[in-house]
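J.: Taking the working numbering, I'd label the letters of the sequence shown as residues 2 to 359. The structure under discussion is supplied below as structure tokens; questions concerning it will follow.
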Amino acid sequence: MDAIDYQRAADLSSALRANAQSGSAVIGGGTNLLDLMKGGVARPVRLIDITHIAGLDQVSTLPGGGLRIGATVRNSDLANHPLVRDRYPLLSQALLSGASAQLRNMATVGGNLMQRTRCHYFYDSVYAECNKRRPGSGCAAQQGFTRMHAIFGADARLDANAPVATAQAPLAGTQASGTLPVSQCIAVNPSDMNVALAALDATIRVTGPRGERVIAMSDFHRLPGTTPERDNNLDPGELITSIDLPVSAFSAHAHYLKIRDRASYAFALVSVAVALDMNGTTVRDARIALGGVAHKPWRALEAERMLVGHPLDPLALEQAAASIVRTAQPYPGNAFKVKLVQRGVVRAVRQAAEGASA
Ligand code: SF4
């Protein structure tokens with residue numbers, strides 16, 4: 002058994018000092034970190050508990066509107082917060098679709114952002130090949146079960162948000178080609194909350210040895226590239242202090258659709274976060290983000306552009322949904338996600354247009 006030093010930080014300064022020491026890990030609710038430690042995937046020598054730092058557990062309004070959510074706010078508290086239910090129902094829906102009530106009561110929003118993939122090869126150290134756990138060792142998933150794995154972004158050249166003309170992708174809606182993509186990691190980000198935050202253009206405030214900075218949600222998580230061991234763009238010693246949400250025009254028309262193997266408690270095969278700003282039947286603005294399909298929450302920017310300024314008719318919606326999978330790189334075990342994404346987007350957009358309920 003490894004000895005672990007536990008330190009309860011009284012304030013941010015002491016948390017940062019402790020976090021600067023080698024082998025430190027920040028702990029909030031511990032609902033992911035403790036699992037990783039039990040499995041020997043994470044081996045910190047020091048845990049810095051930040052849940053007792055005053056102010057980090059608060060939700061507050063920002064000048065000019067918007068919302069600041071402290072890093073240690075519990076998932077259940079945020080999902081049920083009146084301002085979130087009223088102004089950001091997409092976020093409330095996504096949070097309530099994640100994990101179990103017990104886990105939501107314990108888990109913090111900062112921890113949710115930092116949540117690691119649920120690729121079972123990553124968690125089971127019996128498998129020697131895992132580039133995320135042991136860089137350079139290979140990827141067991143690519144010769145194994147890929148049902149829960151990525152269809153986008155494993156090869157950074159195939160960015161679905163790149164202009165179609167420059168993408169080197171398989172045809173939309175096709176099954177996996179005979180030549181499988183070569184990637185260092187095809188794991189997905191498992192969070193529901195993160196998908197909603199991507200759609201809502203959240204920003205992440207962090208603090209560290211070099212002071213404070215703000216990271217756009219779209220830049221917070223990373224594609225695997227050649228460094229799959231890194232999930233996000235936090236620098237060493239940095240920790241999350243809050244999530245900021247801009248003023249939203251999407252409170253009336255939002256929907257989070259989570260498609261999973263088991264309704265009670267499971268990670269998403271595919272999830273779709275949709276937020277619309279409607280002027281009658283015309284889409285004034287649109288946000289679409291996907292979960293369960295990439296190493297980071299996957300914004301469907303081209304599909305959003307195709308919807309904006311037009312009435313929401315069935316053909317336009319089908320075409321927008323088809324545009325999303327143009328750069329999909331499925332494996333035989335997850336090729337079903339290509340159609341699932343298209344159908345999920347169509348359904349979620351329709352439901353958002355009908356009206357949000359949190
Ligand atoms: Fe490891 Fe990523 Fe491959 Fe899973 S998909 S085995 S996390 S390298």
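Quick reminder that beta carbons are idealized off the backbone N, C-alpha and C, glycines included. Because the structure is a prediction, the values reported are computed rather than measured.
Given 7 Å as the limit, tell me if residue 136 has its C-beta closer than that to any heavy atom belonging to the ligand SF4.
T.: No, the beta carbon of residue 136 sits no closer than 7 Å to any heavy atom of the ligand SF4.
J.: Which residue wins for smallest C-alpha separation from residue 330, given the options 321, 320, 342 and 319?
T.: With distances taken between Cα atoms, residue 330 lies closest to 342.
J.: Within the continuous beta strand (DSSP E) that includes residue 61, where are the two ends?
T.: From DSSP, the beta strand (DSSP E) with residue 61 extends over 60-62.
J.: Spatial neighbours of residue 143 within its chain, please: CB distance less than 8 Å, with the 5 preceding and 5 following residues excluded, ordered by chain position.
T.: Counting only Cβ-Cβ distances below 8 Å, and skipping sequence neighbours, we find 181, 184, 187 and 332.
J.: Going by the DSSP bridge assignment, what does residue 399 pair with across the sheet?
T.: No statement about residue 399 is possible, as the shown extent of the chain runs from 2 to 359 and does not include it.
J.: If you scan the stretch 40-120 from start to end, which runs of the beta strand (DSSP E) of 3 or more residues do you find wholly inside it?
T.: Counting only runs of 3 or more, we get 47-50, 60-62 and 68-71.
J.: Would you kindly report the start and end of the unbroken alpha helix (DSSP H) that includes residue 190?
T.: Where residue 190 is concerned, there is no enclosing alpha helix (DSSP H), given that its DSSP letter is neither H nor E.
J.: Got a sec: does the ligand SF4 put a non-hydrogen atom nearer than 7 Å to the Cβ of residue 247?
T.: Result no, Cβ not under 7 Å from the ligand SF4.
J.: Which residues have their C-beta within less than 5 Å of a heavy atom of the ligand SF4, listed in chain order?
T.: Per the Cβ criterion, the list is 120, 122, 123, 131, 132, 133, 140, 141, 142, 186, 187 and 188.
J.: Straight-line CA distance for residue 149 to residue 270?
T.: Cα-Cα distance, rounded: 6 Å.
J.: Give the straight-line distance between the Cα atoms of residue 274 and residue 22, rounded to the nearest whole angstrom.
T.: So the two alpha carbons sit approximately 38 Å from each other.
J.: Enumerated in chain order, which unbroken segments of the beta strand (DSSP E) with a length of 3 residues or greater are wholly contained in the stretch 256-311?
T.: DSSP runs (the beta strand (DSSP E)) wholly in the stretch 256-311: 271-280 and 283-292.
J.: State the Cα-Cα distance for the pair residue 36 and residue 316, rounded to the nearest angstrom.
T.: The alpha-carbon atoms of residue 36 and residue 316 are separated by roughly 46 Å.
J.: Under three-state DSSP, which class holds residue 355?
T.: Residue state, collapsed to three classes: helix.
J.: List, from N- to C-terminal side, the alpha helix (DSSP H) runs of 4 residues or more that fit wholly inside the stretch 205-256.
T.: As far as the stretch 205-256 is concerned, its whole alpha helix (DSSP H) runs of at least 4 residues are 218-221.
J.: Our contact map puts residue 246 next to residue 201 with C-beta atoms below 8 Å; I'd like the distance itself, whole angstroms only.
T.: Rounded, the Cβ-Cβ distance is 6 Å, consistent with contact.
J.: Tell me, which residues are paired with residue 25 by DSSP?
T.: DSSP output for residue 25 lists 47 as bridge partner(s).
J.: By the DSSP assignment, the alpha helix (DSSP H) with residue 325 in it spans what residues?
T.: That run of the alpha helix (DSSP H) goes 315-325.
J.: Apart from the five residues on each side of it in sequence, which residues of its chain come closer than 8 Å, Cβ to Cβ, to residue 307?
T.: Once the five neighbours on either side are set aside, the close Cβ partners of residue 307 are 317, 320, 321 and 324.
J.: Thinking C-beta only, is residue 243 closer than 8 Å to residue 71?
T.: In this structure, residue 243 lies closer than 8 Å to residue 71 by Cβ.
J.: Measure the C-alpha to C-alpha separation of residue 109 and residue 210 and round it to an integer number of angstroms.
T.: For residue 109 and residue 210, the distance between alpha carbons rounds to 23 Å.
J.: If you compare alpha carbons, which of 265, 313, 3 and 256 is closest to residue 280?
T.: Comparing Cα positions, the closest option is 313.
J.: Which stretch, first to last residue, makes up the alpha helix (DSSP H) that contains residue 196?
T.: Element bounds for residue 196: 194-200.
J.: So which of 196, 288 and 236 has the shortest CA-CA distance to residue 98?
T.: Ranking 196, 288 and 236 by Cα distance to residue 98 puts 196 first.
J.: Please classify residue 258: is it buried, with 16 or more other beta-carbons within 10 angstroms of its beta-carbon, or exposed?
T.: Looking at its Cβ environment, which holds 16 or more other Cβ atoms inside 10 Å, residue 258 is buried.
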